[in-house]
Structure formats: structure tokens, C-alpha cells
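Engineer: Protein chains in written order, with numbering that gives the first Met the number 0: chain A, 0 to 530; chain B, 0 to 530.
For glycine and all other residues, C-beta sits at the position ideal for the given N, C-alpha and C.
Have a look at the structure that comes next, please.
Number of protein chains: 2
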Amino acid sequence: MLRLFVNRRQKMVEFEVKNKDLLARIGRLKTKSGIVETPAFLPVINMAKQSVTPRELWEEFGCRILITNAYIIKKQHADKALNMGIHSFLDFPGTIMTDSGAYQILAYGDIEATPDEIIKFQEEIDTDIATILDLPTGWAVSKERAEYTVRETVNRAGKLQELRSRNDILWVGPIQGGRYLDLVAKSARKMSRIQFDIHALGSPTPVMEQYLFDLLVDMIFAAKMNLPFNRPFHLFGAGHPFMFALAVALGCDLFDSAAYNIFAQDDRYLTTYGTVHLKELEYLPCSCPVCYKRDAQDFREMPKRERETELTRHNLHVCFAEIKRIKQAIREGRLWEHLMRRTHGHPSLLQAMKRLKDYCEFIERHSPVVKKSGLFFFSSIDLARPEVIRHDKKLRERYTPPEKAKVLVLYPSVGPRRTLRSKLYKRALADICEKLRIDHSEAQVCFYIPPFGVVPKELSDVYPLSQFEIVCPPDADTIRYVAQRIIDYLREKRYERRVMIIKSGTWQEEIAQICKEAFEKEGKFLEFLIV
Amino acid sequence: MLRLFVNRRQKMVEFEVKNKDLLARIGRLKTKSGIVETPAFLPVINMAKQSVTPRELWEEFGCRILITNAYIIKKQHADKALNMGIHSFLDFPGTIMTDSGAYQILAYGDIEATPDEIIKFQEEIDTDIATILDLPTGWAVSKERAEYTVRETVNRAGKLQELRSRNDILWVGPIQGGRYLDLVAKSARKMSRIQFDIHALGSPTPVMEQYLFDLLVDMIFAAKMNLPFNRPFHLFGAGHPFMFALAVALGCDLFDSAAYNIFAQDDRYLTTYGTVHLKELEYLPCSCPVCYKRDAQDFREMPKRERETELTRHNLHVCFAEIKRIKQAIREGRLWEHLMRRTHGHPSLLQAMKRLKDYCEFIERHSPVVKKSGLFFFSSIDLARPEVIRHDKKLRERYTPPEKAKVLVLYPSVGPRRTLRSKLYKRALADICEKLRIDHSEAQVCFYIPPFGVVPKELSDVYPLSQFEIVCPPDADTIRYVAQRIIDYLREKRYERRVMIIKSGTWQEEIAQICKEAFEKEGKFLEFLIV
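Shown next, in the form of C-alpha cells:
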């Protein structure tokens, strides 16, 4: 009993977060085979079909963590793996995560091993990060079946602490529920009470194969919002590098993919914006060591085996470079910008990005307040950015206009580069006061600035209200948003007079029109000065 | 006189276009030192500051054309260049283009050479593509001055045929006018009458340095629309790889840049979405041979000279890979999609892309009608795509509904994946006819489909009307556009009844609302069926 007791007293997982942006984080995850920097892409190793060895991954690609399937190894190479240990067996000195065979349950209905055996086997082969044998929900299943998979996974998870005999392995608790978001949330709540080191979203493969990335966003949020936020989160089978940025932005710290290998077998060439079959390629749109001196014809002329290996190498370069791009974007505070570029790779991805609006307050709460870089605003999609949400919230909840302010002058701006720092501004304001017979001391200037809405002049230097660039003219949805912020502001704050300055022939007229209609309905008065 | 006459009888430039997309083209430009495939990026060679040699460009980077400054060579190395010839002098066996020193006039006011000397010198050093010594307009100049530069450039150009003594060199006729678009157009019209092999847009550097890419779009169109479309077009100083795609899409076949070198001297690292100073980098967001095994710290620890060379190499990899990406996009008919990704690199670029709307009919006329790939639609910016413009035009000008069609049923769709191929569609239509007591044989179904607008069912399989994907729901500007297309269609075509089917709670309601308001104003009747 004592032995069991000691082993049960599990240590907290050591996961130190260095940088954050959106829900993403650069972290250092401690495992018994070394520290892994996250976000990390884990190549799936299938020893039967591996054209790039784990050793090459370590030496050539700087790969520090990979994943392989404990169940398949148990079935095909149990003795060897048990004798050598998984690190020698794979010839990989870094961190090894093992999956449990759950995917095989999904694919073949059942597997030839019990949950208990899978736990024991992973300990015996000395894996670093192990996964319980959960029961995956899958895609086209009834809610009853989905509910059963959630319950059964929790049951199996509950037995882990009794069954495990060592405490230097990190254990992964998969979240089930599939496309039933309430079940995903329930699964997350239940699994979070069990002492796992890492959680993972199960069954996303069919969702990703059908490009239902908007649903994937919902599933990840349903899980993340009901799990301890700081516990590392893994996304199983996060197939394609064009969605790595999205996964990371949603708080996935680890994700595995076999696409680099499977696609290469089928002559498919990965890019950060999609996949191209070799026969469709003439130029190789890549600067990696495999591609930079070649064209597509060179690939096509290689013997199949060599081509597969070279394509696999290229595909790996794409994946690892994308991870570095993402990490650099997190450090710069520009992950949103990076997402904008990536989600314009495919309409399904942009549709998923649009879904972030539904979770903007959760994202806002977890995003850093000050960043190194100015912000780029492109379209109404950016209205869901934490900085936009935060400004609106602060203005609403914490801002009171100066007491002496009786006349509100709403002055247009499209960002620092264009108007705010203009020398003409002061003169223009004096003119306005004179024209409207406003006592300068009673006037308060607020800018109306896409995408932020109303920005009192005294706040306009606060980050990021003058550290941004925006495409001009703004799109119709952004105009509506800004107009609505003006309407809200004028409803909430008291002024004796309200004057809106408009430059004729610009987007400002549209905003004025929306405000005018709203106020006429309420029988209120808003003055306009066209300049 | 005979000799002059023979030489004046210049051959047509040999420029064979292989693939087209938007105004871009993959072409083969014949020069006396070989065939150059366009679009081509020409690294600027400055022998005094060159850390990567022309020979390395040829061998390691597959660079087949470069540009250097004839005036600087004349000033500093005239004898050597005259004796050796420019190819041996630079040690570059490919095509060499020479600039004339015009940029130096802009920078220093005047240069120590006459236009005649510059023509003669370029012939004598045996350049492949030569530039007359034009008088650049520059940026902050009066219209009078700008007009003078246009006139003077035309004068100088007019003398070329008399002065040149060989006919195996291609001559470049720069277009001046600067930010005065009417002058650019005038310059283009005048220069196009002179037998140049290639035209070029002069003076864009200040525009690019200030990120006024929308103005650059205007300038390029002012030139291109007034030049022989099939003559190759060069953009001087097209600085940064993040704008290569834009330049190519506008029909720039050649463009030079010194950024790769100048930026490296200043520890600046190019990416396809911007420039990062080495001190801001922690990860190297790149898979090129220089970067893939390194991190930023490795760069920082190098001796200055080595760092500059390695950075130059990286910057070159970025430039050349981007050209290959652009060419592959042209081949796939996906240059617009590539532009969307690239212009989401910086708001100024997206603002420039929005400007394409003003030239959409010109672009439509020159864009291929059928493509290999389906189209991706992301936002209202895509409404300027040639395919959208073309469909609207065809429907307006060439389409007449079937004679028996008395009842128009407007049926919503968001593209092939979602509705068109749905089995439910036929049943739904039967239900609708029954409900509204429509004789099936008198009903004509037209889909209303973002972004195309109205698509008669019998045309819905024609490319690209069912070969596309779109982000759903569409943005407000796209909804307005589609509603306006419906309104226009209903005004132009005669039906006895008009029924619009709407799924409640969707973007279709917004479209219906706009249509309803428009028709109420006109006292016309439109029926709605909410399903």
C-alpha cells in the first residue's frame, strides 16, 4: 500500500510559460527526457512507413519531441521495445509521447489490448508522455453513444492513479464528446478533476478531414474553457501546417501530425496554404534545402523511394518552419496578424477565424495587455481582437468624461499615421469651436476611430489606440461597429451638446447616417459639421 | 547611311507568353545572353557592396538575370568594363540589364555623363538590356517640373534610334510622371510610339518607401493602360518581396531590387510579410538552407561580415522562393488567392489591393476565362475578381430567360459544397411550387449566390459558378453587392411573378430586406417565402 500511496502523490507538471499572445503560449514543458519548448509539432512516427528516421529528425530538423503509437508497437515489436526501451528502439534521444491505440478503436471498432495493459506497457517501454486508452467518440455517432464514450473515458481515466507505478511519466487525459459541444464541456469538467499532466482533444480527425475548422474551434473552446487554463493542451491529429497557427492561437500547446509522411507517400507537397499534388506543380514554391535548387520535374524523375523521402523532408521543413514563424509571431505579439495571413489560405480557415468572435471575451481575458508591436487591422474580422474588445469594455465600465466637458466634439481619425499627429488638427479644432460657438474650455474631443470606436483624446496615446495601422476605407461591418460604439457612448455619457465632424465624401458620412437614424428614432439631437 | 538604316530597322522583341492570370504572365524573353523566364526578380548588383557574387547568384540561386548601374561602372571601372565586357567584368554568364544613372540624377541632382554617352557606353560594355538616361520625375515636385521630366525623357528617347549602333540589345523606355497620373498616361502614350523593347515605370521608390502602394497601383495602371499590353514591363526598385505578387499581378514582368543587400547590411531580415531587425528575432521563421538549423542568436554571434553575407543569402532565398510561388500561382490560376495572402501582410498592401476595384474591367478583359482551379472567396475584396465582374457583365448583356419562364424562383445558395448538389434541393423546389401554386413548367429557378449574384440554374454548372468556395456568412459589403445584383436582374428581365426563398436566421434575410426596400420604393411586388 505504501508504494501505491507514494506513487499516487503525483507532482504538478512543470510547464513554464515564457510568452503569450491570444490563447497561445511559448512554454517550457519538463519531461524526463528533457525540456520541450511549446508550441510543438510532434511528427507521428510509424516505423513501418518511416522514410525519415527519428535520428534524422533529431539531428537535421532539431526535432525535440515526437509521438508514436504504443498499441502498434505492443502488437508488432513488444519484446524489442520492452528490452531496449522506446528511446533506443526508435533511436531518438528526445521526448517521446505515445498514443494509446484509441485511434485504432475508432478505425477498427476494437483493439487487442485492455486499458490496463496499455497503461502498463507505456510505463514499461519508458515513454515520456503517455496516453490512457480512452474511448474516442468519433464523428457520425448518436448523442447517446457520444455520452457513453465520455463516461467510459472518465471511468478508464479514474483507474489510472491506481494502475500507474511510476511518477516520472506525464499522463494525457483525452477529452471526448465529438461534435456535441455540451458533452465536450462535460468531459473537460470531469477529466479536469483527475490529476492529468496534459489534456488532449480526442476525435478531431474527421472534423479536420472535412475542413470543418469552425466546428473545431467550437470543440477546442468547449474543452479549453472547462479545463485548468494553465495545463498543457494537446490536439490529436492536427493534420496540416496551414492550420497550425489556428490551433496554437486557440491554446493548443502540442499537436501531432502524420500528414508530412502520408502525403509524401501519395506525391503530395505541403505548403502553408494547402497541398499540391506533384503533377500539378511546375515550380517548387519553397526555399528549403530540398527544394531551392530543384523544380517539380526533378522530383517527378526521381525513383519512387527517393522521391518519397525527399518529399517527406520538404514537408517536414514546411512544418518546422511554420512552428518557428508562429513562435516568432507570439513573441512579437503578432499572432493575430499571422492568423490573418494563414486563414486567408482557405475559406474554411477564415470561416473558423470568424468564429473567434463568439469567444472574444474569453480570448480577451487571457491575452496580454501590452505588446511590443503596433497592430494591423485589415477588415471586420479584426473586430474580435482582444484589443478592440478591451477598449470597448474599459470605455463602457471605467471611463467618465471630465466634469467640465459640456460639448462633445467627435472628430474622425483613421489612425496615427493619417490624422492624429497632423499639425492641421489643432487649427481645425479652433475653427470648429469658432464656427459652432463652442467655448473651447467646455469642449471635449473624442476621436471616432475604426476599429476602436470612440477614443477620448486624453486616452488616445495609450497602447494600442495610436499604435496601429488600418486599411482605409473600412469595410461596411467595421463602419456599422464604429457607428454602434458612438451610439452606445452617446447614450451612456451625458453631454449638453454633441457635434460630429465629418469629411464629406468619406466613410465618415456612412457612420454619421447610421448615428443620425438611431438618434432620430429616439428623438435626440446630434449636430453634424461637414468639413 | 545604310548602316544606320539597317540598325534602325529594329526587330520586334521576342516575348512569348506561356501562362496568364490577372495581368500577370509567365513569359520567355529572348536576350542575346539567353532566354529569361518572367516574371523575374533582378538582384541589383553594386560591386562595391556585394556580399554575394554574381557567380554565386548564377550557380546557387539559379539567377538568370540581374541588373547593375551602367553609370556607376562608367564612373568607377570604365576601362575594365570596356575591355572585359560586362559579363566577364561581373563574372555572370546570364542576362545583364543596366540602369542608366537616372536614379543618381534623382539623388544628386545631376550626373557626370550625357544621355548620348550613356547609350554608347552600354553598347560598348555589351549589356543585354539597356536603359536610356531618362530624367526621373521624383516625388515632391510641381506639376510643371513633372511635365518637364516627361517631355525631356521623350526627347531623349527620340534620339535613341539615331544613336544606337547595334540591334542585339533590348532597350528600355522609362515612363515618367510620378504621382501625376495624367502625366504618367501621357508619358506612356508618347513613349509607346518609340520602338522600345521594354517599358519601365520610373520613380516609384519614394512611393514604395512611404508604403503608398495604392498610389503605386494607380501609377502602374496609368502606364500599363496606355502602353502596348504585350510589351514587357519593368518596375524599377520594387523593393520588398512582400509586394512582388502585387507588382506581378499588375503586369510587371521584370523588377529589380537592392533590398536583399541593403537590408542585410543593416541586420534586417526579410520575410514575405515584412522586415524584422535581427535584434527583434528569436526564431528564424524560415526553412532556407541558411536558416533551418539556426536561430537568431547564431546570427547575432557571427562576425559582422559573415552575418551580412548569410543574411544576404537568406534574403535572396526569400526573394527567389517568392517568385517561384508567384509563378506556380499563375499556373494554377490562383494568383488572386496568393495576392490575398500577401496583401494581408500589411494594411497598406491590402489597401492597394482594394484599389484593383477601380481597374476591374481592364483586369477582366486581360484575364483568362477558364482556369484549372476552383476559386476561393474570402471577403468583399473578391468582388473585384475578373470572374465576378465577367459573370455580371455576361448576365446583363447576353442572358435572356427562357420564354416559358413566367415565375422566377430565387433560391439561395452558398456554393456547390453546401446546397447546389444537395439531394434536398429538388424536393424543396417541389414543395415551394406546391405551396405557392406555381406550375412547375412555368417556373424558372435562379440561384442567388454570393459573390456572383444571380445565377440561372441552367448556367450554374458553367465555370466558375459551381467551382468555388466562400466564407459563410458573407460580409456586409458582399451582401449589399448580391442584393444589388438581384435588384438589377429583376429590373432588367421580365417575369410575371418573382419569389425569393429565404432561410430564416441567415444572411439571406439581410439580402431580402435590401431587395424589399428597393422594390417598395418603386411600387413593385416581390414575394418572399421563408423556409
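Which residues in chain A sit within 7 Å of Pro346 of chain B, going by Cβ to Cβ distance?
Structural biologist: The answer, in chain order, is Phe375, Phe376, Phe377, Glu468, Ile469, Val470.
Engineer: Assuming the contact rule is C-beta atoms closer than 8 Å, Cys445 of chain A and Ala482 of chain A should be a hit. Round their C-beta distance to whole Å, please.
Structural biologist: Cys445 of chain A to Ala482 of chain A, Cβ: 14 Å. No contact.
Engineer: Count the other CB atoms within 10 Å of the CB of Lys520 of chain B; is the residue buried (16 or more) or exposed (fewer)?
Structural biologist: Classification for Lys520 of chain B: exposed.
Engineer: Can you list, in chain order, the residues of its chain whose CB lies under 8 Å from that of Lys434 of chain A, leaving out five sequence neighbours each side?
Structural biologist: Closer than 8 Å at Cβ, skipping near neighbours: Leu528.
Engineer: For Arg192 of chain A and Glu122 of chain A, which I take to be in contact (beta-carbon distance under 8 Å), what is that distance rounded to the nearest angstrom?
Structural biologist: Wrong, their Cβ atoms sit about 23 Å apart, outside the cutoff.
Engineer: Looking at the unbroken alpha helix (DSSP H) that takes in Phe212 of chain A, where does it start and where does it end?
Structural biologist: Counting along the chain, the alpha helix (DSSP H) containing Phe212 of chain A begins and ends at 212 to 223.
Engineer: Between Ile85 of chain B and Gly100 of chain B, is the Cβ-Cβ spacing less than 7 Å?
Structural biologist: Not closer than 7 Å, so no.
Engineer: Roughly how many angstroms lie between the CA atoms of Leu525 of chain B and Gln443 of chain B, to the nearest whole one?
Structural biologist: Looking at the two C-alpha atoms, the distance is approximately 15 Å.
Engineer: Taking Leu277 of chain A as the query, report the chain B residues whose CB atoms sit under 9 Å from its CB, ordered along the chain.
Structural biologist: Neighbours of Leu277 of chain A on chain B: none; closest Cβ ~12 Å, over 9 Å.
Engineer: Check the Cβ-Cβ distances between Arg416 of chain B and every residue of chain A, and say whether any is below 7 Å.
Structural biologist: Interpretation of Arg416 of chain B is limited by its pLDDT of 49, a score under 50 that renders its predicted location unreliable; no figure is taken from the coordinates.
Engineer: Taking the beta carbon of Asp297 of chain B as the centre, do at least 16 other beta carbons fall within 10 Å, making it buried, or is it exposed?
Structural biologist: Burial call: exposed.
Engineer: In whole angstroms, what separates the C-alpha of Arg306 of chain B from that of Ala80 of chain B?
Structural biologist: Approximately 30 Å, taken between the alpha carbons.
Engineer: Which one or two residues does DSSP pair with Cys251 of chain B in a beta bridge?
Structural biologist: Paired residues: none, contrary to the question.
Engineer: With a Cβ-Cβ cutoff of 7 Å, do Leu200 of chain A and Val206 of chain A count as a contact?
Structural biologist: Not a contact, by the Cβ cut-off of 7 Å.
Engineer: Does chain B have any CB closer than 7 Å to the CB of Ala263 of chain A?
Structural biologist: So, not an interface residue.
Engineer: Identify the contact partners of Val317 of chain B in chain A, using a Cβ-Cβ distance below 9 Å as the criterion.
Structural biologist: By Cβ distance, chain A contributes Ser286.
Engineer: So the candidates are A:Gly61, A:Phe60, A:Tyr447, A:Ala248; which of them puts its Cα closest to the Cα of Ser532 of chain A?
Structural biologist: No information on residue 532 of chain A is available, as it lies outside the stretch 0 to 530 that chain A covers here.
Engineer: Using a beta-carbon distance below 7 Å, is Arg178 of chain B in contact with chain A?
Structural biologist: Cβ-Cβ to chain A under 7 Å: no for Arg178 of chain B.
Engineer: Can you check DSSP and say which residues form a bridge with Thr505 of chain A?
Structural biologist: According to DSSP, which records beta bridges pairwise, Thr505 of chain A is partnered with nothing at all.
Engineer: Measuring only between beta-carbons, confirm whether Glu281 of chain B sits less than 7 Å from chain A.
Structural biologist: Output row for Glu281 of chain B: interface = yes.
Engineer: In terms of residue numbering, what span does the alpha helix (DSSP H) encompassing Ile64 of chain A cover?
Structural biologist: From DSSP, Ile64 of chain A is part of no alpha helix (DSSP H) but of the beta strand (DSSP E) over 64 to 68.
Engineer: Hey, which unbroken runs of the alpha helix (DSSP H) at 4 residues or more fall wholly within the region 105 to 154 of chain A?
Structural biologist: The region 105 to 154 of chain A contains these whole alpha helix (DSSP H) runs: 114 to 123.
Engineer: With which residues is Trp170 of chain B paired in a DSSP beta bridge?
Structural biologist: Paired residue(s): B:Ala129.
Engineer: How many angstroms separate the CA atom of Phe241 of chain B from the CA atom of Asn314 of chain B?
Structural biologist: So the alpha carbons of these two residues sit roughly 12 Å apart.
Engineer: Which partner residues does Pro346 of chain A have in the DSSP bridge list?
Structural biologist: Note: Pro346 of chain A sits in no beta bridge, so no partner.
Engineer: Buried or exposed, going by whether 16 or more other CB atoms sit within 10 Å of the CB of Asp181 of chain A?
Structural biologist: With fewer than 16 other Cβ atoms within 10 Å, it is exposed.
Engineer: Since Leu349 of chain B meets chain A, which of its residues come closer than 7 Å, beta carbon to beta carbon?
Structural biologist: Simply Phe377, Val470.
Engineer: Could you check where the beta strand (DSSP E) with Pro53 of chain A kicks off and where it finishes?
Structural biologist: First-last for Pro53 of chain A: 53 to 59, but that is the alpha helix (DSSP H), not the beta strand (DSSP E).
Engineer: Using beta-carbon positions only, say whether Ala263 of chain B and Glu281 of chain B come within less than 7 Å of one another.
Structural biologist: No, the Cβ-Cβ distance between Ala263 of chain B and Glu281 of chain B is not below 7 Å.
Engineer: Would you kindly work out how many angstroms separate the C-alpha atoms of Lys371 of chain B and Ser378 of chain B, rounded to a whole number?
Structural biologist: Cα to Cα, Lys371 of chain B sits roughly 22 Å from Ser378 of chain B.
Engineer: Give me the Cα-Cα distance between Glu402 of chain B and Phe361 of chain B, rounded to the nearest whole angstrom.
Structural biologist: Glu402 of chain B and Phe361 of chain B: Cα-Cα distance of roughly 34 Å.
Engineer: Looking at the C-beta of Ala475 of chain B, does it have a partner C-beta in chain A at a distance below 7 Å?
Structural biologist: So yes, Ala475 of chain B belongs to the interface.
Engineer: Candidates A:Val470, A:Lys278, A:Ile478, A:Gln160: which alpha carbon is nearest Tyr210 of chain B's?
Structural biologist: Considering only alpha carbons, the answer is A:Val470.
Engineer: Cutting at 7 Å between CB atoms, please list the residues of its own chain near Pro53 of chain B, excluding the five before and the five after it.
Structural biologist: Cβ neighbours of Pro53 of chain B beyond the five flanking positions: Ile44, Leu65, Leu89, Asp90, Phe91.
Engineer: Could you check where the beta strand (DSSP E) with Pro205 of chain B kicks off and where it finishes?
Structural biologist: It is not in any beta strand (DSSP E) - Pro205 of chain B instead sits in the alpha helix (DSSP H) that spans 204 to 208.
Engineer: Mapping the DSSP letters down to three states, classify Glu521 of chain A as helix, strand or coil.
Structural biologist: Here Glu521 of chain A sits in helix by DSSP.
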